[in-house]
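Q: The structure follows.
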Amino acid sequence: MHYTSVVIALTYLFNVITAIGFTGVFRNIPNDVPELAKELRQTVPNLNNYPSRFKVDLYKLNDRGKNHDFTPITATVDQGYRFTYKDLTVGEYELIANSYDFTFSNNRYRLSVDDDKIVAYKSTLGQEKNNQSVYTEVSHQSPLEIQFKEVKQFYEKSSGSVYDMLLNSPFGFIFRNKTYTIIFVVVLVISIAPTIAQWVNPEFAEQFKEIQAQAAESRLEKSDVVEPEEIAVGTGATGVKKASNTSKKRR
4 MHYTSVVIAL TYLFNVITAI GFTGVFRNIP NDVPELAKEL RQTVPNLNNY PSRFKVDLYK
64 LNDRGKNHDF TPITATVDQG YRFTYKDLTV GEYELIANSY DFTFSNNRYR LSVDDDKIVA
124 YKSTLGQEKN NQSVYTEVSH QSPLEIQFKE VKQFYEKSSG SVYDMLLNSP FGFIFRNKTY
184 TIIFVVVLVI SIAPTIAQWV NPEFAEQFKE IQAQAAESRL EKSDVVEPEE IAVGTGATGV
244 KKASNTSKKR R
């Protein structure tokens, strides 16, 4: 029994000596985030509990930098935006931090765990080798700091004006140019004026149609008058030539 207690004590002591951990913290998270639910009148789950919408996963890697079974060690983020990992064994780890509401300056870190210290450096997505010359030693006393970048926006606000809608439409290039805008408005008014007049003042619309019809008839009459005159002049000229030719023959 005595030997069993000694073995248990030594095992516990060995685990304490060899197991190591660290703490991480998210910095500069804003407190005055707009309440999207009130602005959009939509239900957003856990909107007022931002720490619960964080996700921090730690993956154990093998010697080649690849994950064994893709099973992460997930940490809980408290109200102070802090998370803790304990009892890590020696080896390489990949830390990935995400939030539904915020983005970070860097959310991926490679961790190198030794017997007495943990070293963290940025792990850029898509790069097999990372810059290990710039690193930070982390622990429970010196936490890994992840800096806030910006607030995510998943919901489209309905407060946009009609002018903004026009600028973002396929005809936006027209309204961004003053000359094009004036031409477009004039053409539009000319096109829809008769239709509007029929609803506003039907009598005026009928008079306007009569005026257009009279103008068209007058143009046709003028064209009919001009054409015979041209033919008469041509015939006269031809007749003169014929007469002159005849007189020459008689002589």
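Numbers in my numbering are just positions in the sequence shown, counted from 1, shifted up by 3.
Where is the CB? At the ideal position from N, CA and C, for every residue including glycine.
Here the structure is a predicted model, which is why all the values come from computation and not from measurement.
Can you grab the Cα-Cα spacing for the pair Gly83 / Phe187, in whole Å?
A: 57 Å
Q: Can you grab the Cα-Cα spacing for the pair Gly24 / Ser102, in whole Å?
A: 23 Å
Q: Using the Cβ count rule (16 or more neighbours within 10 Å means buried), how would you classify Leu128?
A: exposed
Q: Who pairs with Leu114 in a beta bridge, going by DSSP?
A: Tyr96 and Ala123
Q: Quick check on the burial criterion: 16 or more other C-beta atoms within 10 angstroms. Buried or exposed for Leu147?
A: buried
Q: Spatial neighbours of Lys58 within its chain, please: CB distance less than 6 Å, with the 5 preceding and 5 following residues excluded, ordered by chain position.
A: Asn101
Q: Identify which residue in Gln150, Ile32, Asp117 and Thr106 has its Cα closest to the Cα of Thr92.
A: For Thr92, the nearest C-alpha among the options comes from Asp117.
Q: Which residue marks the beginning of the beta strand (DSSP E) containing Val165, and which one marks its end?
A: From DSSP, Val165 is part of no beta strand (DSSP E) but of the alpha helix (DSSP H) over Val165 to Leu170.
Q: Given a threshold of 16 other Cβ atoms within 10 Å of its Cβ, counted over all protein chains shown, does Leu114 qualify as buried or as exposed?
A: buried
Q: For Ile199, which beta-bridge partners are listed by DSSP?
A: DSSP links Ile199 through a beta bridge to no other residue.
Q: Using only CA atoms, which one of Ile32, Ile185, Thr77 and Phe207 lies nearest to Glu97?
A: Minimum Cα distance to Glu97 is reached at Thr77.
Q: Please name the residue or residues paired with Arg30 in a DSSP beta bridge.
A: According to DSSP, residue pairing for Arg30 in a beta bridge involves Gln150.
Q: Nearest-angstrom Cα distance between Ala208 and Arg222?
A: When rounded, the distance between both Cα atoms is 21 Å.
Q: Tell me whether Thr139 sits in a helix, a strand or coil according to DSSP, three-state version.
A: strand
Q: For Ala218, is the classification buried or exposed, using 16 other Cβ atoms within 10 angstroms of its Cβ as the cut-off for buried?
A: exposed
Q: By a C-beta neighbour count over all protein chains shown, 10 Å radius and 16 as the cutoff for buried, is Asn34 buried or exposed?
A: exposed
Q: Compute the Euclidean distance between the alpha carbons of Gln215 and Val189, then round it to the nearest angstrom.
A: 19 Å
Q: As a quick exercise: from Val137, Lys152 and Leu169, pick the residue whose alpha carbon is nearest that of Val122.
A: Answer by Cα proximity: Val137.
Q: Which residue from Tyr183, Arg179, Glu206 and Ile149 puts its Cα closest to that of Thr106?
A: Ile149
Q: Let me confirm a value: Tyr112 is counted as buried when at least 16 other C-beta atoms fall within 10 Å, else exposed. Which label applies?
A: Tyr112 should be labelled buried.
Q: Can you have a look at Val141 and say buried or exposed, based on whether 16 or more other CB atoms are within 10 angstroms of its CB?
A: buried
Q: Would you mind reading off the limits of the alpha helix (DSSP H) that contains Phe176?
A: Gly175 to Phe178
Q: Along the chain, where does the beta strand (DSSP E) containing Arg85 start, and where does it finish?
A: Arg85 to Leu91
Q: Any idea what DSSP makes of Leu191, helix, strand or coil?
A: helix
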